[in-house]
Ligand code: B12
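Numbering (the UniProt record's numbering), first residue to last: 1 to 387.
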């Protein structure tokens with residue numbers, strides 16, 4: 001197998017596969033080996049010159065989950081350094097949130113929850129004060145001065161609490177953890193739409209992971225899970241799951257598993273060998289063209305231009321075309337979800353800001369620039385907003 005580029009090395013994919021009912025034969029071991037080489041090299045080197053390339057707190061956490069998915073515990077001198085790094089990341093984030101909880105983590109509460117979860121499945125204890133920040137955030141989430149959590153973030157916090165509850169690593173906070181977990185579960189149930197999704201289609205897999213990890217099985221919970229699964233299966237048929245990261249969060253659910261199962265993973269469970277995908281021959285006909293309008297009003301002078309691209313093109317293709325043929329400029333950064341839009345017309349999104357993708361007039365897209373495929377006549381707006 002060819003050497004994998006850092007962009008293709010996604011620990012979430014390994015975790016999803018190992019918690020699924022599928023296996024990828026020898027490729028799986030090779031993938032884990034490549035992950036280890038890449039992550040250990042960049043995390044354990046003392047070279048700070050290329051700090052951009054260093055994995056973030058959440059990426060380190062996902063890497064530790066991947067090790068656990070292979071039934072490994074982090075150990076030895078190298079493993080110890082990774083655990084210390086993750087603990088240090090969390091301590092820094094705790095500092096950024098501050099004593100009076102007025103600040104925000106540099107990354108996000110999603111990554112904060114992921115960090116606690118990863119240490120928990122390795123049976124590594126974090127200080128009560130670190131867990132306390134996540135507890136407070138969930139307890140006061142409705143408060144006007146506090147961050148409002150999307151379903152994905154709530155689910156991730158809940159998965160971390162579930163692991164802590166089962167492992168009893170912070171016994172002094174046991175009651176608070178149990179109450180917060182009940183609260184997360186309640187909010188997640190409330191976020192179910194009439195079709196059955198929880199939040200939106202892409203937050204449903206994590207929300208379901210949280211509900212399935214729950215020790216409190218009620219009829220209401222069982223019904224909600226069944227409804228959510230049916231909605232996901234319908235979305236799968238409509239090909240809503242194309243993004244590998246999204247598929248990696250979905251795979252455990254299809255096998256009745258959640259990240260909390262990484263406390264004691266079953267590495268001997270039989271899994272079916274994945275068949276390599278067969279490529280459909282490309283059509284040689286001249287492709288039909290569609291017209292898409294691109295708008296940017298967050299800058300002066302504002303920008304508006306119509307671009308024609310072949311039918312089936314992605315939003316990224318539209319941006320490229322606009323860049324080639326007009327004064328439009330954009331920049332991206334690779335992430336585990338694909339290319340993330342970081343700047344438009346030379347304007348970079350600042351701290352706690354992002355370039356939001358909308359279908360005009362006001363519908364935020366549920367996919368990124370590489371996955372979203374605009375229809376003929378659509379207008380897409382790029383808008384700089386706070387979060
Ligand atoms: C936090 C978060 C954000 C934050 C990121 C900023 C920050 N400092 O953390 C904000 C609010 C800015 C954001 C924005 C968007 N997000 Co978002 N986000 C998340 C969330 C909750 C966690 C991501 C994370 O930290 N992962 C863990 C770390 C370790 O992985 P990472 O790759 O290093 O993380 C980076 C990327 O995920 C990137 N990012 C965040 N969102 C998105 C979305 C896309 C499509 C891409 C390519 C990258 C990206 O920011 C992270 C921090 O640097 C996920 C939930 C989930 N279920 O995964 C949704 C999620 C990934 N986001 C989603 C979407 C749709 C978006 C937007 C496209 C929304 C919009 N209409 O504009 C924009 C991105 C637009 C752009 N400029 O390209 C969807 C993606 C669905 C899909 N089909 O792939 C998710 C799954 C939420 C959902 N349920 O709808 N997001």
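Idealized CB from N, CA, C, for every residue including glycine.
The alpha helix (DSSP H) enclosing residue i, as first and last residue numbers
i	result
residue 148	No alpha helix (DSSP H) holds residue 148; DSSP gives it neither H nor E.
residue 139	128-139
residue 372	First-last for residue 372: undefined, no H or E at that position.
residue 289	From DSSP, residue 289 is part of no alpha helix (DSSP H) but of the beta strand (DSSP E) over 289-296.
residue 409	There is simply no residue 409 to check, as the chain begins at 1 and stops at 387 in what is shown.
residue 321	315-325
Cα-Cα separation, residue i to residue j
i	j	result
residue 386	residue 355	9 Å
residue 27	residue 119	27 Å
residue 85	residue 57	9 Å
residue 143	residue 91	24 Å
residue 286	residue 377	20 Å
residue 1	residue 34	Here residue 1 scores only 47 on pLDDT, less than 50, and its place in the model is too uncertain to base an answer on.
residue 73	residue 65	10 Å
residue 221	residue 126	30 Å
residue 8	residue 14	11 Å
residue 242	residue 178	36 Å
residue 266	residue 379	48 Å
residue 154	residue 139	11 Å
residue 180	residue 250	24 Å
residue 102	residue 293	40 Å
residue 141	residue 202	21 Å
residue 190	residue 184	10 Å
residue 117	residue 137	16 Å
Where residue i sits in the DSSP three-state scheme
i	result
residue 183	helix
residue 280	coil
residue 390	As shown, the chain starts at 1 and ends at 387. That puts residue 390 outside it, with no answer to give.
residue 379	strand
residue 273	strand
residue 359	strand
residue 386	strand
residue 348	strand
residue 209	helix
residue 304	strand
residue 83	helix
Closest by C-alpha distance to residue i, when choosing among the options
i	options	result
residue 188	228, 168, 175	228
residue 255	11, 16, 8, 9	16
residue 108	146, 217, 76	146
residue 175	153, 148, 135	135
residue 323	295, 300, 338, 312	295
residue 55	312, 46, 39, 70	39
residue 82	191, 124, 111, 110	124
residue 382	43, 338, 318	318
Test item: CB-CB of residue i and residue j under 7 Å
i	j	result
residue 306	residue 289	no
residue 133	residue 94	yes
residue 336	residue 369	no
residue 156	residue 115	no
residue 62	residue 105	no
residue 329	residue 346	yes
residue 213	residue 258	yes
residue 198	residue 151	yes
residue 121	residue 68	yes
residue 195	residue 231	yes
residue 260	residue 159	yes
residue 272	residue 22	yes
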